[in-house]
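Residue numbers (my numbering): 8 to 308.
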Ligand SMILES: [Zn+2]
């Protein structure tokens with residue numbers, strides 16, 4: 008456990024880089040902050056599900072497709088009784104539920120998380136039907152942020168409020184029956200149906216030449232870093248990092264942002280900016296990547 012771990016989504020990592028190195032519009036910045044906050048909430052929920060003692064399979068962050076419709080499930084917990092589907096929301100502040108509409112108080116209407124939940128539940132039911140999976144589905148929206156308050160929602164709504172998370176985990180833990188091979192096959196099947204990369208990422212356009220170069224500090228993400236001997240030092244917060252590790256994560260970042268570009272010592276030196284020794288960069292590339300070609304034509308994969 009967990010059966011399928013949650014990975015840092017590529018989209019979020021790309022936005023993170025663009026936020027440091029590029030100039031996001033205020034709309035893009037807001038989108039990035041929401042994405043980031045949502046992910047943080049999911050990770051906090053994972054900490055709860057990781058502690059479950061009952062016999063279950065936890066599948067995090069499933070991206071599935073049926074009838075050309077993509078949908079995402081934040082967490083799916085398969086127990087001997089049910090498939091529990093959780094939509095995790097990291098909303099903070101005061102919200103209200105009036106006439107089937109969801110508001111951030113005082114009067115800002117937002118997308119109703121219940122509609123999203125019902126849509127995902129119905130699509131998951133179709134997938135179960137297509138694959139002859141016979142397991143009841145229970146769907147809930149979990150509000151993970153302890154500073155979330157919801158007014159006026161009737162208790163029959165499938166909401167798990169911050170003060171109810173512990174008791175809903177206890178309820179799952181009270182299931183004593185064990186999983187059978189059938190349940191494990193269901194988990195395996197869903198895992199194989201998972202789509203690795205969403206084709207609908209809302210990425211802004213970006214160009215290598217226009218991005219700020221350098222190595223962002225691991226701790227405060229500032230580009231005000233310098234290389235001194237074996238360390239990368241942040242002039243803003245003082246954080247120190249082994250330079251080889253800092254180069255390595257910069258190469259990974261470069262590959263993620265420019266998957267079609269060839270990775271060469273020169274381009275990585277330009278990307279990192281603060282590492283003046285080509286030898287030091289080459290050493291990292293030699294150690295962690297595969298060298299292709301020879302002499303002037305060497306690149307790394
Ligand atoms: Zn720093």
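Glycine included, every Cβ here is placed at the ideal spot set by N, Cα and C.
Using a threshold of 8 Å, state whether the C-beta atoms of residue i and residue j are closer than that.
i           : j           : result
residue 253 : residue 274 : no
residue 297 : residue 285 : no
residue 288 : residue 281 : no
At a threshold of 7 Å, does residue i count as lining ligand 1 (C-beta to nearest heavy atom)?
i           : result
residue 229 : yes
residue 64  : no
residue 246 : yes
residue 243 : yes
residue 238 : no
residue 224 : yes
Taking the C-alpha atoms as reference points, what is the distance between residue i and residue j?
i           : j           : result
residue 66  : residue 303 : 46 Å
residue 209 : residue 201 : 20 Å
residue 95  : residue 115 : 20 Å
residue 60  : residue 264 : 40 Å
residue 171 : residue 148 : 12 Å
residue 278 : residue 26  : 16 Å
residue 123 : residue 293 : 47 Å
residue 99  : residue 305 : 51 Å
residue 181 : residue 77  : 33 Å
residue 138 : residue 19  : 32 Å
residue 197 : residue 261 : 32 Å
Taking all protein chains shown into account, do 16 or more other C-beta atoms lie within 10 angstroms of the C-beta of residue i, making it buried, or fewer, making it exposed?
i           : result
residue 141 : exposed
residue 28  : buried
residue 82  : buried
residue 91  : buried
residue 58  : exposed
When DSSP builds the beta bridges, which residues end up paired with residue i?
i           : result
residue 101 : 156
residue 64  : 85
residue 232 : 241
residue 144 : 90
residue 72  : 77
residue 166 : 148
residue 109 : 104, 117
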